[in-house]
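K.L.:
The sequence shown maps to residues 0 to 428 in numbering that gives the first Met the number 0.
Ideal placement from N, C-alpha and C gives every residue a C-beta, glycine not left out.
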Amino acid sequence: MKLGLITGLCIFSQVVLADSLPVITVQPTNQVVLPGGPATLTVTVTGATSFQWRFNGADIFGATNSTLQVPNAQTNNSGYYNVVTKNATGWVPSPMAYLLMNFNPGGIIPDGGGIVPFSNKTNTGFFAQAKSSLDGNVINNGSAQVVAGPALDQMQPVGTSVSYKQSPVGYYFNNGYFNGPNQSVPTVAPGQTVYYRVDIAYTNQYFSGTQTQQSAVLNLVAGGGVYPVPSSGNLKFPAWPEWPEPVFMMSGVPVGGIFNGLTSSPTNQVRIPGESFCLTNLFWGFGDLGVPTWQWRKDGNPLGSPQNFTGGVPSEYGIAILTITNVQPDDAGIYDVVVIGNDWMVGPKTALSIQVTNGCGVVQSPRFCGTNFVCDLLGAAGRNYTIQWSTNLSDWNDLVTLTNVTGTITFTNTPTLGGSQFYRARLRL
């Protein structure tokens, strides 16, 4: 764009607002319904012109409204739901909501849900040092609680906690047998996959308040009806209390150069079609129950195969990097990392939105105010742009780098008199 310089003339033009991505103001929420009952998922969005609901990462045919109805919810409807909201500017995914079946309404139907074993032997590790702060005697009692659900991020306490008492060895609890009843998980049907662990709560002189130590998670089929109760011999506890572990990190602390200055990806990302980039998660873990693994997911679905941690036993660390090349609108979604180790955990979720217009930066509405050249830049909200100028369209000079917070930004320059100048914006990766 060729610009002539007009001294002393001030031209005022109407402020131009960049098209913005849809803004989700009310997100879908988790639902718990009776088998055969209706479920309703809704989203409230500003600036959306169309919607596409997804179930476990796959588009639901015909589900293109702000409300999704599941009129006859059954076990195969349990899972992750989210909606991709769209307008001319781009695609924005909503957070994920989970639809659960309540197979034990009101808790009044015995064994109405899938059964998991509560009596369980540990075959690895100890609990923790536990001595009374008053008289030095070993504390040999506490409580155990089943935590279970149909997905790692839908686990919740099941039933009542059960007291346990064990014979101590030195200052440690023995590998124990809780001798408690099996528990019914009301959100999981017999024969359905369930994630299950036992939390041990106790007090000791080394920490204030009650401490909770988690067993490793079992991924098994819930018993009940024609399905046998799962084995009671597989529950494992780590050798040391780690609350919780692995730990996800937002910034890489360079301990011995392990993370090499890497940082975890921000919570939300806005990208432009054709870009290639990486999502990163950093986390610590420990290998006393074997080498932990990690796996990326999109909208709750695994991406690729589980990967081993990169550190050595007993201290393990993970650097999970997901490379996305030539990103397209269909890549919009919710990304996270599942870690399977002493504890099974789901890491922080990253929402990936795609801006399809103005993303690379559009310079428009050039004007002068006095001797200053003023111009607007339309671009992707939250991204950085470098404004460059040239006198010959071949040799470009950096003017300023700006963060386009809202989608539109204004820049100014005092050009050299007696010639033509050209301006362009470059998206910073």
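Could you tell me whether the region 373-381 touches the region 355-364, where touching means 3 or more Cβ pairs closer than 8 Å?
P.N.:
Flag = yes, the region 373-381 and the region 355-364 touch.
K.L.:
Given that a residue counts as buried once 16 or more other Cβ atoms are within 10 Å of its Cβ, and exposed if not, what is Phe60?
P.N.:
Counted from its first residue, the sequence shown places residue 60 at position 61. Answer is exposed; the Cβ neighbour count stays below 16.
K.L.:
In angstroms with no decimal places, state the Cα-to-Cα distance between Thr407 and Ala380.
P.N.:
Looking up residue 407 in the sequence shown gives position 408. Looking up residue 380 in the sequence shown gives position 381. Whole-angstrom Cα-Cα distance: 8 Å.
K.L.:
Using the Cα positions of Thr84 and Phe367, report the straight-line distance between them to the nearest angstrom.
P.N.:
For this step, residue 84 is matched to residue 85 along the sequence shown. For this step, residue 367 is matched to residue 368 along the sequence shown. One C-alpha to the other measures close to 39 Å.
K.L.:
From Asn103 to Ser19, what does the alpha carbon distance come to, in whole angstroms?
P.N.:
In the sequence shown, counting from the first residue as 1, residue 103 sits at position 104. In the sequence shown, counting from the first residue as 1, residue 19 sits at position 20. Each residue's alpha carbon lies about 45 Å from the other.
K.L.:
Taking 8 Å as the threshold, find out whether the region 60-70 comes into contact with the region 39-49 through three or more Cβ pairs.
P.N.:
Result yes; three or more Cβ-Cβ pairs closer than 8 Å.
K.L.:
Should Gly78 be labelled buried (16 or more other beta-carbon atoms within 10 Å of its own) or exposed?
P.N.:
Working through the sequence shown from its first residue, we reach residue 78 at position 79. So Gly78 ends up on the buried side.
K.L.:
Looking only at its chain, what residues have a beta carbon closer than 8 Å to the beta carbon of Thr356, apart from the 5 residues adjacent to it on each side?
P.N.:
For this step, residue 356 is matched to residue 357 along the sequence shown. For Thr356, where only same-chain residues beyond five positions count, the Cβ hits under 8 Å are Asp18, Ala87, Thr88 and Gly89.
K.L.:
Are three or more beta carbon pairs between the region 386-397 and the region 294-302 nearer than 8 Å?
P.N.:
With a cut-off of 8 Å, the region 294-302 and the region 386-397 do not count as touching, because too few Cβ pairs lie within range.
K.L.:
Around the Cβ of Ile318, are there at least 16 other Cβ atoms within 10 angstroms (buried) or fewer (exposed)?
P.N.:
Translated into positions along the sequence shown, residue 318 becomes position 319. By the 10 Å Cβ count, Ile318 comes out buried.
K.L.:
Just to confirm the assignment, what range does the beta strand (DSSP E) spanning Ala96 have?
P.N.:
Along the sequence shown, read from residue 1 onward, the residue named residue 96 stands at position 97. Here the beta strand (DSSP E) through Ala96 covers Ala96 to Met100.
K.L.:
Residues in the same chain with beta-carbon distance under 8 Å from Ala215, minus the five sequence neighbours each way, listed in chain order, please.
P.N.:
Looking up residue 215 in the sequence shown gives position 216. These residues qualify, in order along the chain: Arg196, Leu234, Lys235, Phe236, Pro237, Leu288, Gly340, Asn341, Asp342 and Trp343.
K.L.:
Go ahead and pull the three-state DSSP assignment for Ala17.
P.N.:
The residue labelled residue 17 in the question sits at position 18 within the sequence shown. Low confidence applies here, because Ala17 scores a pLDDT of 43, under 50, leaving its location unreliable; read the following figure in that light. The answer is coil: DSSP assigns Ala17 none of H, G, I, E or B.
K.L.:
Could you round the C-beta distance between Gly247 and Gly346 to whole angstroms and report it? I think they count as a contact, below 8 Å.
P.N.:
In the sequence shown, counting from the first residue as 1, residue 247 sits at position 248. In the sequence shown, counting from the first residue as 1, residue 346 sits at position 347. This sequence places Phe at residue 247; Gly is not what is there. Confirmed, Cβ separation roughly 5 Å.
K.L.:
If you check the beta carbons only, do Gln51 and Val22 fall under 8 Å apart?
P.N.:
Position 52 of the sequence shown, counting from 1, holds the residue named residue 51. Position 23 of the sequence shown, counting from 1, holds the residue named residue 22. No, they are not a contact pair.
K.L.:
I think Tyr189 touches Gly222, with their Cβ atoms under 8 Å apart; what is that distance to the nearest whole Å?
P.N.:
The count along the sequence shown starts at 1 and reaches residue 189 at position 190. The count along the sequence shown starts at 1 and reaches residue 222 at position 223. Note on identity: in this sequence residue 189 is Pro, with Tyr being the wrong assignment. Contact holds; Cβ gap of about 6 Å.
K.L.:
Between the Cα of Thr405 and those of Gly418, Val44, Arg425 and Asn383, spot the shortest distance and give me the residue it belongs to.
P.N.:
Your numbering for residue 405 matches position 406 in the sequence shown. Measuring from the Cα of Thr405, the nearest candidate turns out to be Asn383.
K.L.:
Trp52 bridges to which residues according to DSSP?
P.N.:
The count along the sequence shown starts at 1 and reaches residue 52 at position 53. Bridge partners of Trp52: Val82.
K.L.:
Check whether the Cβ atoms of Gln30 and Ser93 sit closer than 8 Å, and answer yes or no.
P.N.:
By one-based count along the sequence shown, residue 30 stands at place 31. By one-based count along the sequence shown, residue 93 stands at place 94. No, these two residues do not count as a Cβ contact at 8 Å.
K.L.:
When DSSP labels each residue in this structure, what does Asn412 get in the three-state scheme?
P.N.:
The count along the sequence shown starts at 1 and reaches residue 412 at position 413. Strand.
K.L.:
Might you give, ordered along the chain, the residues of its own chain that have their beta carbon closer than 7 Å to the beta carbon of Ile307, omitting 5 neighbours on each side?
P.N.:
Translated into the one-based positions of the sequence shown, residue 307 becomes position 308. Before going on, a small fix: residue 307 reads as Asn here, not Ile. Around Asn307: Val290 and Thr292.
K.L.:
Measuring alpha carbon to alpha carbon, tell me which of Leu428, Thr349, Gly158 and Ser419 ends up nearest Leu401.
P.N.:
In the sequence shown, the residue the question calls residue 401 occupies position 402. The candidate whose alpha carbon is nearest that of Leu401 is Leu428.
K.L.:
Exposed or buried, what is Gly332 when buried is set at 16 or more other beta-carbons lying within 10 Å of its beta-carbon?
P.N.:
Within the sequence shown, residue 332 is the residue found at index 333, counting from 1. Result: buried.
K.L.:
Rounded to whole angstroms, how far is the Cβ of Ala115 from the Cβ of Asn181, which I believe are closer than 8 Å?
P.N.:
By 1-based counting over the sequence shown, the position of residue 115 is 116. By 1-based counting over the sequence shown, the position of residue 181 is 182. Sequence check: residue 115 is Val here, not Ala. With a Cβ gap of about 7 Å, Val115 and Asn181 count as contacting.
K.L.:
Take the Cβ of Val44 as the centre, count every other Cβ of all protein chains shown within 10 Å, and call the residue buried at 16 or more, exposed below.
P.N.:
As a position in the sequence shown, residue 44 is number 45, starting the count at 1. Classification of Val44: buried, given that the 10 Å Cβ count is 16 or more.
K.L.:
Could you tell me the alpha carbon to alpha carbon distance between Tyr97 and Arg423, rounded to whole angstroms?
P.N.:
Locating residue 97 in the sequence shown gives position 98, counting from the first residue. Locating residue 423 in the sequence shown gives position 424, counting from the first residue. Using only the alpha carbons, I get a separation of about 45 Å.
K.L.:
Note down, in chain order, each residue of its chain lying with its Cβ closer than 8 Å to the Cβ of Gly35, except the 5 sequence neighbours on either side.
P.N.:
The residue you call residue 35 lines up with position 36 of the sequence shown. If we look at Gly35 and ignore the five residues flanking it on each side, its Cβ neighbours are Asn71, Ala72 and Gln73.
K.L.:
Out of Ile353, Ser230, Thr279 and Ala143, which has the shortest C-alpha to C-alpha gap to Thr322?
P.N.:
Counting from 1 along the sequence shown, the entry for residue 322 is found at position 323. Out of Ile353, Ser230, Thr279 and Ala143, Thr279 has the C-alpha closest to the C-alpha of Thr322.
K.L.:
Taking only three categories from DSSP, how would you classify Asn307?
P.N.:
Counting from 1 along the sequence shown, the entry for residue 307 is found at position 308. Asn307: strand per DSSP, three-state reduction.
K.L.:
Give the secondary structure of Pro365 by DSSP, where H, G and I count as helix, E and B as strand, and everything else as coil.
P.N.:
As a first step, residue 365 is located in the sequence shown; it is residue number 366 there, counting from the start. DSSP places Pro365 in strand when its eight states are reduced to three.
K.L.:
Looking at Gly141: is its Cβ nearer than 8 Å to the Cβ of Ala57?
P.N.:
Locating residue 141 in the sequence shown gives position 142, counting from the first residue. Locating residue 57 in the sequence shown gives position 58, counting from the first residue. No.
K.L.:
Tell me the residue span of the beta strand (DSSP E) that contains Pro70.
P.N.:
For this step, residue 70 is matched to residue 71 along the sequence shown. Element bounds for Pro70: n/a, residue is neither H nor E.
K.L.:
Pick helix, strand or coil for Gln191, following the three-state DSSP scheme.
P.N.:
Position 192 of the sequence shown holds residue 191. In this structure, Gln191 counts as coil in the three-state DSSP scheme.
K.L.:
Tell me Arg196's beta-bridge partners as DSSP assigns them.
P.N.:
Sequence index remark: in the sequence shown, residue 196 carries index 197 (1-based). Answer is Val146.
K.L.:
Is it buried or exposed, Thr48, if we count other Cβ atoms within 10 angstroms and call 16 or more buried?
P.N.:
Indexing the sequence shown from 1 puts residue 48 at position 49. Thr48 comes out exposed.
K.L.:
Can you name, in chain order, every residue of its own chain whose Cβ lies under 6 Å from the Cβ of Ser160, other than the five neighbours on each side?
P.N.:
In the sequence shown, counting from the first residue as 1, residue 160 sits at position 161. Taken in chain order, the residues that qualify are Ser142 and Gln144.
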